[in-house]
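Undergrad: Counting in the working numbering, the sequence shown runs without a single skipped number right up to 350 at its last residue. Beta carbons: idealized from backbone N, C-alpha and C, even for Gly.
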Amino acid sequence: MDKWEGKTAIVTGASAGIGDAIVRDLVKYGINVVALARRMDRLESLRDQLKDEPGKVIPIKCDVSDKASIDAAFEEIDKQVGTLQILVNNAGIALTHGMFGDDDDKTDEIISSTINTNFLGLVRVSRKAYKLMKKSEDYGIIINIGSIAGHSASFDYIINVYPGTKFAVRAVTESMRQELNKLKDTKIRVCEISPGGVHTEIGGDSLNSPEMKEMIESGLVPILKGSDISQTVLFMLMTPYEVNITEMIVKPVGERI
Ligand SMILES: NC(=O)c1ccc[n+]([C@@H]2O[C@H](COP(=O)([O-])OP(=O)(O)OC[C@H]3O[C@@H](n4cnc5c(N)ncnc54)[C@H](OP(=O)(O)O)[C@@H]3O)[C@@H](O)[C@H]2O)c1
């Protein structure tokens, strides 16, 4: 990890769950992390908690589902740090809401925000980040957080277009890799991590009820921690610049899906 010391990373969706865990791990290695999310209070609290780590946290508000918000955030990033070597596209939402209900406006809003956050946001942030990486003339890596839902859309519960967006994340990761190859941009790698179930806020109240917590703690429900995925991010970063593990599936032992 020494090679990344003093470099800059952007982590989207840094205010909770997997993103929060990734920020905590990166700063330990002296990487300065631009933490993006909508909830600034959480990002500022994370910066304060990690103030004694070798790397610093730079909180910047960004709604990745909104192009204007991404543009504004990157203007700020350009001003505050100027260059970039690591991007972790992690921000995402999953809402248990069907596609065929009668509440047309609400359903349409949920479908759009899921696509805009999980897919379009990831593509737009990557385009902006690429410019900063090129400017730095250094080695760069883009790590896209997909999901096991990007490998199979069969779930016990309804999550509308979520699996569709995660299949798209895997496809666009490969398209990015192909384009970087064609551009002979061999200093920038792009890869994807597909987590299985992780105990975070994304599952809403059902995953965080006292009964569920007890089942998770007693091992009855196999589930990963955010830190298990941040360790996978570190593993990707530890590989030599010339090595690209293009995709990695990470499941808790015993997961059925
Ligand atoms: N947990 C799982 O079981 C699981 C499994 C596979 C894949 N994943 C993927 O892992 C990633 C992280 O999820 P998580 O489990 O850590 O969920 P989480 O605890 O709910 O955290 C989601 C993060 O995304 C951010 N976010 C959501 N919408 C955003 C937007 N429009 N703009 C900017 N940031 C936004 C949230 O920040 P703000 O609300 O402050 O903006 C939050 O920091 C997602 O891409 C998810 O699909 C999770």
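Contact defined as beta carbons within less than 8 Å: I believe Ile163 pairs with Val126. What is the distance between those atoms, to the nearest angstrom?
TA: Going by Cβ atoms, the distance from Ile163 to Val126 rounds to 18 Å, so no, they are not a contact pair.
Undergrad: Can you name the residues that DSSP bridges to Met341?
TA: According to DSSP, which records beta bridges pairwise, Met341 is partnered with Ile286.
Undergrad: Run the proximity test for Leu129: is its beta-carbon closer than 7 Å to any non-hydrogen atom belonging to ligand 1?
TA: Yes, Cβ of Leu129 sits closer than 7 Å to a heavy atom of ligand 1.
Undergrad: Taking only heavy atoms of ligand 1 into account, decide whether any of them is closer than 7 Å to the Cβ of Arg135.
TA: Arg135 Cβ: within cutoff of ligand 1.
Undergrad: Which complete beta strand (DSSP E) runs does the segment 216-303 hold, if anything under 3 residues is left out?
TA: With a minimum length of 3 residues, the continuous beta strand (DSSP E) runs that stay inside the segment 216-303 are 233-238, 281-288.
Undergrad: Would the segment 178-197 count as touching the segment 210-218 if we require 3 or more Cβ pairs under 8 Å?
TA: Short answer: they touch.
Undergrad: With H, G and I counted as helix, E and B as strand and the rest as coil, what does DSSP make of Thr207?
TA: In the structure shown, Thr207 sits in a helix (DSSP, three-state: H, G or I).
Undergrad: Does the distance from the C-beta atom of Ser287 to that of Ser240 stay below 8 Å?
TA: It is a contact, given that the beta carbons lie within the stated cut-off.
Undergrad: Rounded to whole angstroms, what is the Cα-Cα separation between Ile235 and Glu202?
TA: About 29 Å.
Undergrad: Any heavy atom of ligand 1 inside 7 Å of the beta-carbon of Gly148?
TA: For ligand 1, not one heavy atom lies less than 7 Å from the Cβ of Gly148.
Undergrad: For the alpha helix (DSSP H) containing Leu139, list its first residue and its last residue.
TA: Run containing Leu139: 133-142, per the alpha helix (DSSP H) assignment.
Undergrad: Quick one: is the Cβ of Glu340 within less than 7 Å of any heavy atom of ligand 1?
TA: No - ligand 1 has no heavy atom lying nearer than 7 Å to the Cβ of Glu340.
Undergrad: Kindly indicate which residue of Ile238, Tyr255, Glu340, Val346 has the alpha-carbon position closest to the one of Ala107.
TA: Checking every option, the nearest Cα to that of Ala107 belongs to Ile238.
Undergrad: Kindly indicate the opening and closing residues of the alpha helix (DSSP H) around Ile170.
TA: It spans 160-173 - the alpha helix (DSSP H) in which Ile170 sits, taken as one unbroken run.
Undergrad: Which two residues bound the contiguous alpha helix (DSSP H) that contains Ala114?
TA: Taken as a continuous stretch (DSSP letters only), the alpha helix (DSSP H) holding Ala114 covers 110-121.
Undergrad: Give the secondary structure of Thr200 by DSSP, where H, G and I count as helix, E and B as strand, and everything else as coil.
TA: Looking at Thr200 - three-state DSSP - the assignment turns out to be helix.
Undergrad: Please determine whether the Cβ atom of Arg132 lies at a distance below 7 Å from any heavy atom of ligand 1.
TA: Yes; taking the cut-off as 7 Å, the Cβ of Arg132 has a heavy atom of ligand 1 nearer than that.
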